[in-house]
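The block underneath contains the structure these notes are about, expressed in structure tokens.
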Amino acid sequence: MIYVVVGAGPAGVVAAEQLRKLDPLANIMIIGSEPEPPYSRMAIPYYLTEKIDESGTYLRKADQHYSLRDITIIQQRVTKIDTAMNTVITESGEKYRYDKLLLATGASPSVPPVPGIDLPGVHNCWTLEDAREIVRLARPGASVLLMGAGFIGCIILESLVLRDVKLTVVEMENRMVPRMMNEVSGNMIKRWCEQKGVDVHTSTRADSIESAGGGKLKVNLNGGQSVEADLVITATGVKSNMQFAIDSGLHSDQGILVNSFLQTSNEDVYAAGDVCQGKDFSTGEYTVQAIQPTAVEHAKVAAGNMVRGHRSEHIGNVNMNVLDTLGLVSASFGLWMGAEGGDSSELVNEDAYRYLNLQFKDDVLVGASSLGLTQHVGVLRGLIQSETPLGVWKDRLMKDPMRIMEAYLACSQAQVATA
Ligand SMILES: Cc1cc2nc3c(=O)[nH]c(=O)nc-3n(C[C@H](O)[C@H](O)[C@H](O)COP(=O)(O)OP(=O)(O)OC[C@H]3O[C@@H](n4cnc5c(N)ncnc54)[C@H](O)[C@@H]3O)c2cc1C
2 MIYVVVGAGP AGVVAAEQLR KLDPLANIMI IGSEPEPPYS RMAIPYYLTE
52 KIDESGTYLR KADQHYSLRD ITIIQQRVTK IDTAMNTVIT ESGEKYRYDK
102 LLLATGASPS VPPVPGIDLP GVHNCWTLED AREIVRLARP GASVLLMGAG
152 FIGCIILESL VLRDVKLTVV EMENRMVPRM MNEVSGNMIK RWCEQKGVDV
202 HTSTRADSIE SAGGGKLKVN LNGGQSVEAD LVITATGVKS NMQFAIDSGL
252 HSDQGILVNS FLQTSNEDVY AAGDVCQGKD FSTGEYTVQA IQPTAVEHAK
302 VAAGNMVRGH RSEHIGNVNM NVLDTLGLVS ASFGLWMGAE GGDSSELVNE
352 DAYRYLNLQF KDDVLVGASS LGLTQHVGVL RGLIQSETPL GVWKDRLMKD
402 PMRIMEAYLA CSQAQVATA
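For the sequence shown, the numbering used here assigns the number 2 to the initial residue and increments by one for each residue that follows.
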């Protein structure tokens with residue numbers, strides 16, 4: 002068998018390793034378009050704060066990791082799939098035949114339609130190449146403007162503060178991490194950041210960027226204010242890297258469409274990771290989650306299904322994000338904004354920066370968000386994923402959500418007893 006994996010991020014690497022385990026004699030190759038050995042974008046914040054060097058971001062550290070497993074790595078950009086001939090074609094015209102193909106090409110930052118966004122000094126923070134530029138420009142004392150305070154923006158925010166820059170954050174929604182936190186908790190994070198010296202503008206948009214001379218940039222905000230910066234970093238969302246797949250006839254929506262076996266509209270082609278519109282555990286719908294745990298889970302399931310004689314269904318991933326913003330840990334899981342016809346309970350302690358919000362459907366916990374409560378992260382995820390009936394604990398949690406740990410222990414013991 003010949004397996005070709007396009008994309009050398011976590012989804013591509015985990016899939017190739019899994020293919021090797023399941024099919025020891027197969028021919029396996031990864032084709033990736035970046036010049037570095039396969040690396041983890043999740044490690045970039047540690048590189049920005051100089052906790053690790055570039056090699057610390059590599060997904061596998063041993064020199065001969067891939068050659069020892071007989072996995073060939075080719076550095077090329079794939080531009081076409083010839084599904085009739087089971088061949089992928091790279092930008093330099095090379096052709097690679099496959100029996101089964103996995104698309105694990107990830108996502109790229111969306112470029113906001115702001116005049117001046119292509120000026121020198123405006124960067125994304127997505128690749129190692131971007132990170133090198135940020136390290137060069139974000140010197141202690143430099144002025145940096147971060148556009149976007151979503152999950153990725155907030156991860157970068159922490160690294161920038163640790164680099165001792167003068168930081169301004171601009172977010173068009175009315176709170177920070179709007180896809181993870183509601184107005185109450187998102188604004189608690191904002192207040193926390195402001196106390197640490199970050200200038201945060203929510204409900205604000207960057208209208209245009211212009212050169213201010215001397216290598217500086219001027220960012221004009223919609224309220225009429227402008228901010229001078231040595232560096233502007235954009236973190237305003239991502240989109241799946243799938244144009245070549247669409248042009249090659251594969252079906253797509255927000256990502257490449259797959260069935261519950263992660264198989265695309267072509268039976269020999271599978272998809273995994275940020276490029277894949279896979280099943281969401283909580284809703285049963287197909288969405289792009291764009292987080293690493295989902296990419297890795299997709300990769301394992303897809304690789305299994307690519308090997309003849311193996312068949313396993315993807316039950317869906319719980320959408321979850323855990324974020325450390327300057328020491329304040331926030332987390333959201335599943336249907337954190339609530340289920341239709343469901344109930345919710347909330348604890349707010351503004352002074353202590355503590356927040357807990359539980360969302361129920363009948364007596365099952367289906368979503369949660371929390372702030373400043375690190376010890377609850379595993380419990381919340383466990384209860385949602387196991388769909389444990391809470392019984393009498395549902396009413397107790399409606400009165401006091403902080404009893405979640407007690408509820409978890411009581412309900413899991415009850416489940417063991419009845420098993
Ligand atoms: C700064 C930062 C911090 C993050 N922190 C977290 C975190 O804390 N937790 C979390 O869950 N997620 C985090 N993420 C998101 C996480 O990195 C992604 O969800 C994850 O990388 C997805 O893995 P993937 O393999 O699908 O895609 P990617 O890692 O993007 O890998 C895709 C690969 O495909 C290659 N490729 C693309 N197009 C082609 C083509 N046409 N031909 C050949 N190769 C191609 C790309 O160059 C890349 O090597 C972070 C992301 C960033 C940028």
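Note that CB positions come from ideal geometry on N, CA and C, so glycine has one too.
Computed from a predicted structure; not experimentally measured.
Per DSSP, the beta-bridge partners of Tyr97 are Val89.
Beta-bridge pairing by DSSP links Pro38 to no other residue. For Asn358, the three-state secondary structure derived from DSSP is strand. For Gln19, the Cβ stays outside the 7 Å cut-off from all heavy atoms of ligand 1. Non-local C-beta neighbours of Thr375 in its own chain, meaning closer than 7 Å and more than five positions away in sequence, comprise Val330, ordered along the chain.
Taking 8 Å as the cut-off, the beta carbon of Glu351 is found no closer than this to the beta carbon of Met181.
Around the Cβ of Leu384, a 10 Å sphere holds 16 or more other Cβ atoms; the residue is buried. In this structure, the alpha-carbon of Ala44 lies about 31 Å from that of Tyr97.
Within the same chain, Cβ atoms closer than 7 Å to the Cβ of Met406 are found at His377 and Val380, the five residues on either side in sequence being excluded. Look at the region 204-263 and you find these whole runs of beta strand (DSSP E), each 3 residues long or longer: 207-214, 217-222, 227-230, 232-235 and 239-241. Listed in chain order, the beta strand (DSSP E) elements of length 3 or more contained wholly in the region 2-41 are 3-7 and 28-33. Less than 8 Å divides the Cβ of Leu104 from the Cβ of Gly8. One Cα belongs to Val136, the other to Asn267, and the distance between them is close to 42 Å.
Within the chosen limit of 7 Å, ligand 1 reaches the beta carbon of Gly33 through at least one heavy atom. Put simply, the region 220-228 does not touch the region 43-61. Fewer than three CB pairs are less than 8 Å apart.
Ala16 is not a Cβ neighbour of Ala246, given a cutoff of 8 Å. In the DSSP secondary-structure assignment, Ala332 is bridged to Val323 and Ser371.
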